[in-house]
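Visitor:
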Amino acid sequence: MPVNKGKFEELVAELRSTNTMLVAVSKTKPVADIKELYDLGQRDFGENYVQELADKEAQLPKDIRWHFIGHLQSNKVKYIAPFISLIHGVDSLKLLNEINKQAVKSNRIIDCLLQVHIAQEETKFGMDDKELDEAIDRSAQLTKVRICGLMGMASFTDDMEKVRNEFRYLKTLFDQHSQSQTSSLKLQTLSIGMSNDYKIAIEEGSTMVRIGSLLFGERNY
Ligand SMILES: *Cc1c(COP(=O)(O)O)cnc(C)c1O
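Using this note's numbering, the first residue of the sequence shown is number 8, and each one after it goes up by one.
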């Protein structure tokens, strides 16, 4: 399936009017597809798999900002630490500590979003309220990570009111925790919204949407 350039231009205009950032989710798609959007000006791309991301990063221009949006295993942080722009799915203290450790080794500060479990589904990853509080407290001691915001995934459902309520809940947590600021904590990014629910996410306060299939076509796993 070809890259949908018309949709891309349309989306860029739509997002500009609401000041929302676009992460083009390119998982499973070839580097040629990424290059097509790159040539149209897109610089933020999201990937879910460490090996695939490392392979693509090596082949593509260095001014791409890579977002890791998948479930990250602690033992794989080292492969992306040298170049990753933003890690969206930080869902445990263990992972946060490991990112800090690898950031020290790479001599850089790594920006992270804490993933909160907002869906009423068992399968989705993320922290509950208590774990979120802990991670935020702990962040003060981590000098090489910067917690820039929160990320969430709504339930996979046609019930858009449910989706809206899940986003709204995350936005309240985001607003609560935005009050406190330290050198390693400054919540500015709310990463919610995918191809099917990004319009609702924007209405509920998203600052960054992660969109794949709308731009690159359906994925065949
Ligand atoms: C795959 C994926 C997306 C993009 O999904 P689409 O429905 O193709 O837009 C967004 N966020 C995460 C975490 C993903 O895994």
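C-beta: ideal position from N, C-alpha, C; glycine also.
Quick check on the DSSP output: the alpha helix (DSSP H) that includes residue 226 runs from which residue to which?
Guide: Where residue 226 is concerned, there is no enclosing alpha helix (DSSP H), given that its DSSP letter is neither H nor E.
Visitor: Taking one C-beta from the stretch 161-174 and one from the stretch 96-106 each time, how about it: are there three or more such pairs within less than 8 Å?
Guide: no
Visitor: For a test of the three-state rule: what should DSSP assign to residue 10, helix, strand or coil?
Guide: coil
Visitor: Report whether the distance from the Cβ of residue 55 to the nearest heavy atom of ligand 1 is below 7 Å.
Guide: Yes, Cβ of residue 55 sits closer than 7 Å to a heavy atom of ligand 1.
Visitor: Quick one: using the 10 Å Cβ neighbour count with 16 as the cut-off for buried, is residue 226 buried or exposed?
Guide: exposed
Visitor: Considering only the alpha carbon of each residue, which of 92, 157 and 54 lies closest to residue 110?
Guide: 92
Visitor: Pair every Cβ in the stretch 20-30 with every Cβ in the stretch 54-66, then say whether three or more of these pairs are closer than 8 Å.
Guide: no
Visitor: Between the C-alpha atoms of residue 79 and residue 57, what's the straight-line distance to the nearest angstrom?
Guide: 8 Å
Visitor: Among 69, 73, 102 and 89, which one has its Cα closest to the Cα of residue 82?
Guide: 102
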